[in-house]
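The numbers in the sequence shown follow the numbering used here, run straight up by one, and end at 393.
Beta carbons: idealized from backbone N, C-alpha and C, even for Gly.
If you're wondering where the values come from, they're calculated on a predicted model, not measured in any experiment.
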Amino acid sequence: MDIEQLRAQTPGCARRIHLNNAGAGLMTRATLQAMRRHLELEATIGGYEAAEQAEEAVADTYRALAQLIGGRPQELALFDNSTRAWNAAFHSVQFRPGDRVVTGRAEYGSNVLSYLQLARRLGVEVVVVPNDGQGQIDVEALGRAVDERTRLIGLSHIPTGGGLVNPAEEVGRIARAAGALFLLDATQSAGQLPLDVERLGCDLLTGTGRKFLRGPRGTGFLWVREAVLERLDPSVVEIEAATWDGARGFTWAPGARRFESWERSYVNVLGLGSAVRQALALGMEAIWARDAMLGDRLRRELELVPGVSTHDLGRVRCAIVTARVEGVAAQQVRRRLAEAGINVTTTVAEHSPFDTEERGVHPLVRLSPHYYNTEDELSEAVRVVSELARS
Ligand SMILES: Cc1ncc(COP(=O)(O)O)c(C=O)c1O
Numbered sequence: 003m004d005i006e007q008l009r010a011q012t013p014g015c016a017r018r019i020h021l022n023n024a025g026a027g028l029m030t031r032a033t034l035q036a037m038r039r040h041l042e043l044e045a046t047i048g049g050y051e052a053a054e055q056a057e058e059a060v061a062d063t064y065r066a067l068a069q070l071i072g073g074r075p076q077e078l079a080l081f082d083n084s085t086r087a088w089n090a091a092f093h094s095v096q097f098r099p100g101d102r103v104v105t106g107r108a109e110y111g112s113n114v115l116s117y118l119q120l121a122r123r124l125g126v127e128v129v130v131v132p133n134d135g136q137g138q139i140d141v142e143a144l145g146r147a148v149d150e151r152t153r154l155i156g157l158s159h160i161p162t163g164g165g166l167v168n169p170a171e172e173v174g175r176i177a178r179a180a181g182a183l184f185l186l187d188a189t190q191s192a193g194q195l196p197l198d199v200e201r202l203g204c205d206l207l208t209g210t211g212r213k214f215l216r217g218p219r220g221t222g223f224l225w226v227r228e229a230v231l232e233r234l235d236p237s238v239v240e241i242e243a244a245t246w247d248g249a250r251g252f253t254w255a256p257g258a259r260r261f262e263s264w265e266r267s268y269v270n271v272l273g274l275g276s277a278v279r280q281a282l283a284l285g286m287e288a289i290w291a292r293d294a295m296l297g298d299r300l301r302r303e304l305e306l307v308p309g310v311s312t313h314d315l316g317r318v319r320c321a322i323v324t325a326r327v328e329g330v331a332a333q334q335v336r337r338r339l340a341e342a343g344i345n346v347t348t349t350v351a352e353h354s355p356f357d358t359e360e361r362g363v364h365p366l367v368r369l370s371p372h373y374y375n376t377e378d379e380l381s382e383a384v385r386v387v388s389e390l391a392r393s
């Protein structure tokens, strides 16, 4: 990877030390151009006419995403964020009272709220599998928790609040053996590490465009395994998702398009396509190798600072690093870093409810580099943090 060249193609690198890729990654000039071009076209010839001209590029966004995760273009539906994509998947499952939903401690806050809503609405039982000694989902305990009542296993591959990479493939094997649906929330893993839905063994996978994929805000996607489509009943039906049959019935659109809405931002779809193509061109193995290295390095450097601790769980850890500075509030650390031109954010207890129940460590400072960050940038962030720790 030519880091200098990648940075030159990323306008934001000239202005900030951007360590908030788990929030939103920096877009490249090429992605910006693809979006600007289409916006101009919409204003010049009309929105519908511009969409018609961009038909092939739009189709390419689906192809690129399919290639990214090892699925097929017709198995993909586009959304305006990951949460909507996840909810479209979750609420298409035909749960019955007494069913079980099994999940882990790392589950994302919005997913947890949907589980709680379903429990309240239908009496579905929500089972939270404990972590193992290394802080990832305990796959043996998961195997014991999954029974014939288990309709769905929901797993956040990488949580919002830490560097853990959950052993999704092992979870997939358990789901398959039990005949339960496996919904993988890959919001923080898409664009950060290689994903292959066959190896992962998931039936449904959701992701967002703006984070490690470096796409625009307002983009998300759902992948649905073709073989499970007929077991699902999308909760929203409209003119993109289905066709009126001329009488008092309708037919679902083929493939995952039945989850989509007719109206969308074509500018964003094209931006997402551009960003995914860039990730594919660099290669997800190479991106992951560098991201994992930067995460490890940042964690090690922070741990060396007296008064600073890191709090990432799991056997495999990614480029999300969470830290605490003794005696200094996380928000204060974030503000000090922002004053120094360094973007980071803080974790929120309510965004990781089942983790909070157990650890109660949030809020923490969350630093999330990506392959285009340099080792010097990490050291600069550590220097600012160590000044605060000394004060
Ligand atoms: C693990 C995880 N899942 C889901 C989401 C929600 O993604 P979005 O904001 O695109 O809806 C996030 C956002 O931070 C996340 O970290």
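Residues in its own chain within less than 6 Å of residue i by CB, not counting five upstream and five downstream?
i	result
A91	L185, L206 and L224
H313	T324, V363 and L366
E305	T312
G25	T347
E44	A52
Which same chain residues end up closer than 8 Å to residue i when comparing Cβ atoms and leaving out the 5 residues on each side of it in sequence?
i	result
L280	Reading the sequence as shown, one finds Gln at residue 280 and not Leu. So the list reads T30, A32, T33 and R216, once near-sequence residues are dropped.
A11	According to the sequence shown, residue 11 is Gln rather than Ala. Closer than 8 Å at the Cβ level, and outside the excluded window around Q11, lie T30, R31 and A32.
E77	A68, W225, V226, R227, E228, G257 and A258
Using DSSP's beta-bridge definition, name the partner residues of residue i.
i	result
E127	R102
A325	T312 and V367
T208	D187 and L224
S158	D187
I139	N133
L296	DSSP lists no partner for L296.
G81	Correcting the residue type first, residue 81 is Phe in the shown sequence and not Gly. F81 is bridged to G222.
T152	R102
V330	V327
I344	I19
W246	F252
Using alpha carbons as the reference points, say which of the options lies closest to residue i.
i	options	result
P355	I5, G73 and T162	T162
V238	A143, R151, L380 and A255	A255
A383	G125, V350, R38 and H20	H20
V318	E51, E171 and K213	E171
G164	A121, S370 and L78	S370
R394	N89, V278 and L120	Outside the shown range of the chain (3 to 393) lies residue 394, about which nothing can therefore be said.
G100	V128, L80, Q76 and D82	V128
C204	R392, A192 and D187	D187
I241	A24, R107, L28 and T253	T253
N375	R292, V330 and R337	R292
G285	D140, L195 and H93	L195
V131	S263, G156 and T208	G156
G275	A147, A66 and T358	A66
E360	P75, T210 and Q138	Q138
H372	A68, S84, A288 and A177	A288
S191	A340, A229 and G27	G27
G72	L43, R201, A180 and A147	R201
V386	T349, V327, T358 and D357	V327
R338	W264, L390, L80 and R175	L390
N168	L231, G316 and F214	G316
A180	D149, T208, L166 and S158	D149
F81	T189, S158 and D378	T189
Would you verify that the beta carbon of residue i is, or is not, closer than 8 Å to some beta carbon of chain C?
i	result
V346	In summary, chain C is missing from the structure at hand, where a single protein chain is found.
Is residue i helix, strand or coil by DSSP?
i	result
D378	helix
V60	helix
H20	strand
I241	coil
R319	strand
V95	strand
L166	strand
L234	strand
T33	helix
T46	helix
T349	coil
D4	coil
V114	helix
R74	coil
Apart from the five residues just before and just after residue i, which ones in its own chain have a Cβ nearer than 7 Å to its Cβ?
i	result
S267	G220
V95	R153, L154, L183 and L234
M37	P218, V269, L272 and G273
L22	Inspection of the sequence shows that residue 22 is occupied by Asn rather than by Leu. If we look at N22 and ignore the five residues flanking it on each side, its Cβ neighbours are N345, V346, T347 and S370.
N89	S116
H40	A52, A56, Y268, V269 and L272
D421	The requested residue 421 does not occur in the structure, where the chain is confined to residues 3 to 393.
T358	A351 and H364
A147	V104, V129 and V131
D140	V131, P132, N133 and D134
Counting Cβ pairs closer than 8 Å, one from the stretch 316-331 and one from the stretch 295-304, do we hit at least three? With a cut-off of 8 Å, the stretch 295-304 and the stretch 316-331 count as touching, because enough Cβ pairs lie within range.
Quick check: the stretch 332-345 against the stretch 370-389, are at least 3 beta-carbon pairs closer than 8 Å? Between the stretch 370-389 and the stretch 332-345 there are three or more C-beta pairs closer than 8 Å, enough to call the two in contact.
Report yes or no: do three or more beta-carbon pairs, one from the stretch 59-69 and one from the stretch 304-316, lie closer than 8 Å? Short answer: they don't touch.
For the pair the stretch 99-111 and the stretch 350-368, tell me if three or more CB-CB distances fall below 8 Å. The stretch 99-111 makes contact with the stretch 350-368; the number of CB pairs closer than 8 Å reaches 3 or more.
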